[in-house]
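K.L.:
Right, I'll just put the structure down here and ask away after.
Number of protein chains: 2
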Amino acid sequence: MYTYDYLFGFTESFFRKLGCSDNDTRIIADVFLAAELRGIPSHGMIRIKDYYELWKAGRINVKPNVRIVHETPGTAVVDGDGAIGMVAAYRSMEIAMEKAEKVGTGWVSTRGSNHFGIAGYYAMMALAREMTGITMTNANPLVAPTFSISRLLGTNPIAVAIPANKQPAFVADFATTPIARGKLAVAEKKGEKVHLGYVQDKEGNPSDNPAILKEGGSMVTLGGDYAHGSHKGYCLSAIVDIFSAVFSGANFGPFVPPSVAYLPVLDKKTGEGTGHFFGAMRIDAFQPAEKFKEKMDEWITTFRNAKSAPGKPTVLIPGDPERIFEEKARKEGISIIPAIANDLNNIAGELGLDFNIQ
Amino acid sequence: MYTYDYLFGFTESFFRKLGCSDNDTRIIADVFLAAELRGIPSHGMIRIKDYYELWKAGRINVKPNVRIVHETPGTAVVDGDGAIGMVAAYRSMEIAMEKAEKVGTGWVSTRGSNHFGIAGYYAMMALAREMTGITMTNANPLVAPTFSISRLLGTNPIAVAIPANKQPAFVADFATTPIARGKLAVAEKKGEKVHLGYVQDKEGNPSDNPAILKEGGSMVTLGGDYAHGSHKGYCLSAIVDIFSAVFSGANFGPFVPPSVAYLPVLDKKTGEGTGHFFGAMRIDAFQPAEKFKEKMDEWITTFRNAKSAPGKPTVLIPGDPERIFEEKARKEGISIIPAIANDLNNIAGELGLDFNIQ
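Line by line, the protein sequences are chains A and B. Residue numbers for the first sequence follow the working numbering, so the first one is 1 and each next one is one higher. Residue numbers for the second sequence follow the working numbering, so the first one is 359 and each next one is one higher.
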């Protein structure tokens, strides 16, 4: 087990070595560690190597000029200038909240960015300011629209964080596919099959092979198949893509740049970099803040007290599993699997840093 | 087949007889007919009887004072004063667009309303003003959260309409369940079973019985079961409920009032009436309008040209099926099934009106 402070400090040192400012390294480390704390390691320390390789390939700007390029009192388009995603995203969410302070809500669409870690991090930034936070991002194309075998969409997540009073905040953070990409990789490594309804082969037939993406297959959208509403998952994923990329001037759908250096830069561009979308809504733009939070408590309590089906777990509120994981991780430490720890040790060595192998 | 004009005129006369103003009757008729034109008859003329019965029971206010009760430059809470849903919703969307004109986006949460017909109608109001429109509503509780057998949520739809240039607009309008409630009723009438993954029995077991809701069963959320992401559908449905009801001060979740008079008024209230949520975002609050619309055309063309799986239909853009249905209905007329035509004939008679039986 690693302590939070050790991993945070290592991540800061690492990105400082790449040339990031102190402020940016703090943001990057905070988002990576949030993923580890919340039990989403697929978006945590494992991604440091990806960013390192992108940096070596000259595909990341560590001294970006993240700036507003278009705005109204309630909206902005931010150009991330090729930044590490966390840096562009953090600043964009700050701008959304500043605008919300003034006119009730703020909405920012961001281009020229890269993979930003967990969407929920930015949505949750709103909670401390008594705002509802919303985050979306497009992502590398792995997902086929309903009826199609073309990989046109990413797993395009949506995160929504809503403040409560005595209850923990409502925090939804989910990909618009039945499962996250990372679960396929885990099943593949374990040599396991996956449920039907996650992926299809290159002809569009349902497949239980978690490695089918390497054979021209694709992931399907939430809903799984047309009879079960995959076209609704397609709608959601499309909305995320359009709000993130058409609104901002980023690359959309199949043209989102790879978030790993071993995939080549695409020939065609439809904009700049990866796109994100951020929203902040002051709760007191709708209700007196105390009244809002009390009603959220009542909502949460009502749903938490729902009757479980026989043999099923307690009914959860969005954010419960991640919060429970975090409480444990803060006490017991964060586990990094040996293959990732070795990778970190190797790349740390290349930069004259250490990463402890436990 | 009925002509559009005949049904529109009848609907206007009908609601004028109930005491609605000329302006309100025009709005109500327009929304009912939009449902028929777009091939969603479950939200069209069939609902006139429901509203008539609610009116007879004194549960509808035909002379409502629909008004803003709280606002910021970019947000408002609207109290529908017990109005027919279309009247409260239409005014709310107008307010959202007025606010968007001033500060870039406008967001309205509405309480004290009733069933408002198709969500897509209000989202599409934004298109003519070069805005993206968003609509959500909560609805009568029929849906159980993941792991639960308690009916706490409605089919809670989300609609998003985004303008394009030469291409028809992108119009997504979908319930956050695998299928709409109306499809269960159709299967039941035909004596057919339904796919597993739509409904569960009172113990939470998957069921193929479309009438299972009458036996304590419930609908499930988009995703179907936990392994296939039903918790993501639950997140979506919960977000719709909270934005519609906690933001506005309407009844949330299990406390949404029945949209039919044969179900009694609930004992417990957590707010006023049914809740909706509306958003309008000027496209030029993010990009120059022409550039935005051209890029939407490019997005739409890219997805329309996606490769279909062998034997599958062409890949559709959200809004395509409804638009194609409308083109046909405008030419060939609107079909009303005999049982509904008879109902309309009967209730028309009670008010001294005629409805032609064909």
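We put the beta carbon where it would ideally sit given N, CA and C, even for glycine. Owing to the predicted nature of the structure, the values given are computational and were not obtained by experimental measurement.
#1: Counting contacts by CB-CB distance shorter than 8 Å, is W413/B in contact with chain A?
#2: Could you give the distance in angstroms between the alpha-carbon of A340/B and the alpha-carbon of I570/B?
#3: Would you say I340/A faces chain B, with C-beta separation under 8 Å as the test?
#4: What does a CB cutoff of less than 6 Å around K524/B pick up in its chain, not counting 5 residues either side in sequence?
#5: Could you please tell me which residues of the region 271–301 of chain A, in chain order, have their CB closer than 7 Å to any CB of chain B?
#6: Just to check my reading of the structure: V315/A and R304/A have Cβ atoms closer than 8 Å, yes? What is that Cβ distance to the nearest angstrom?
#7: Quick check: I283/A and P163/A, are their CB atoms within less than 8 Å of each other?
#8: V103/A touches chain B at which residues, Cβ-Cβ below 7 Å?
#9: Which partner residues of G491/B appear in the DSSP bridge assignment?
#10: Quick check on the DSSP output: what are the complete alpha helix (DSSP H) runs of length 4 or more inside the region 297–344 of chain A, in order along the chain?
#11: What residue does the alpha helix (DSSP H) around D363/B start on, and which one ends it?
#12: Between A36/A and Y121/A, what straight-line distance do the alpha-carbon atoms span, to the nearest angstrom?
#13: Can you list, in chain order, the residues of its chain whose CB lies under 7 Å from that of P318/A, leaving out five sequence neighbours each side?
#14: Using a Cβ cut-off of 9 Å, pull out every chain B residue sitting near G117/A, in sequence order please.
#15: Expressed to the nearest angstrom, what Euclidean distance is found between the alpha-carbon atoms of I84/A and A484/B?
#16: Among K541/B, N714/B and G402/B, which has the Cα closest to the Cα of H228/A?
#17: What does I537/B reach in chain A if we use C-beta pairs closer than 9 Å?
#18: If you measure beta-carbon to beta-carbon, which residues of the region 234–252 of chain A are closer than 9 Å to chain D?
#19: Pick from G691/B, A415/B and G512/B: whose alpha carbon is nearest that of A497/B?
#20: List, in order along the chain, the chain A residues whose C-beta lies closer than 8 Å to that of V435/B?
#21: For A374/A and E53/A, what's the separation of their Cα atoms in angstroms?
#22: Quick check on F170/A - is its C-beta less than 8 Å from some C-beta in chain B?
#23: Measuring only between beta-carbons, confirm whether E188/A sits less than 8 Å from chain B.
#24: Taking the straight line between their C-alpha atoms, what separation do you get for P455/B and V435/B?
#25: Tell me whether the beta-carbon of A161/A lies closer than 8 Å to the beta-carbon of T137/A.
#26: Taking only beta-carbon positions, decide if H401/B is within less than 8 Å of chain A.
#27: Mind listing which residues of the region 500–525 of chain B have their C-beta closer than 7 Å to chain A's C-betas, in chain order?
#28: DSSP state of F610/B, grouped into three classes?
#29: Rounded to a whole number of angstroms, what is the C-alpha to C-alpha distance between G691/B and D712/B?
#30: Scan the region 180–224 of chain A and note each continuous alpha helix (DSSP H) run of 4 residues or more that stays entirely inside, going in chain order.
#31: Run through chain A and tell me which residues come within less than 9 Å of K670/B, C-beta to C-beta.
#32: Is there at least one non-hydrogen atom of the ligand MG closer than 7 Å to the beta-carbon of G233/A?
#33: Is A309/A close to chain B? Criterion is C-beta to C-beta, closer than 8 Å.
#34: With three or more C-beta pairs closer than 8 Å as the rule, is the region 392–407 of chain B touching the region 459–479 of chain B?
#35: First and last residue of the alpha helix (DSSP H) that includes E411/B?
#36: Check the Cβ-Cβ distances between L580/B and every residue of chain A, and say whether any is below 8 Å.
P.N.:
With the given structure in hand:
#1: no
#2: With chain B covering 359 to 716 only, the question about residue 340/B has no answer from this structure.
#3: no
#4: D655
#5: M281, A285, F286, Q287, F292, K295, M296, E298 and W299
#6: 6 Å
#7: yes
#8: T430, P431, G432 and V461
#9: A519/B and A638/B
#10: 320–332
#11: Y362 to L376
#12: Reading the sequence as shown, one finds Glu at residue 36/A and not Ala. For E36/A and Y121/A, the distance between alpha carbons rounds to 12 Å.
#13: F170, V171 and A172
#14: Under the 9 Å cutoff, chain B gives no residues; its nearest Cβ is about 19 Å from G117/A.
#15: 35 Å
#16: K541/B
#17: A227, H228 and G229
#18: The structure shown contains no chain D; the protein chains it does contain are A and B.
#19: G512/B
#20: F286 and Q287
#21: With chain A running from 1 to 358 in the structure shown, residue 374/A is simply not present.
#22: yes
#23: no
#24: Per the sequence presented here, residue 455/B reads as Met, with Pro not at that position. Distance between the alpha carbons of M455/B and V435/B is about 14 Å.
#25: no
#26: no
#27: P503, F505, S506, I507, S508, L510, V518 and I520
#28: coil
#29: 19 Å
#30: 181–190
#31: T146, F147, S148, I149, G204 and Y226
#32: With respect to the ligand MG, the structure shown offers nothing to examine, as it has no ligands at all.
#33: yes
#34: yes
#35: I404 to K414
#36: yes
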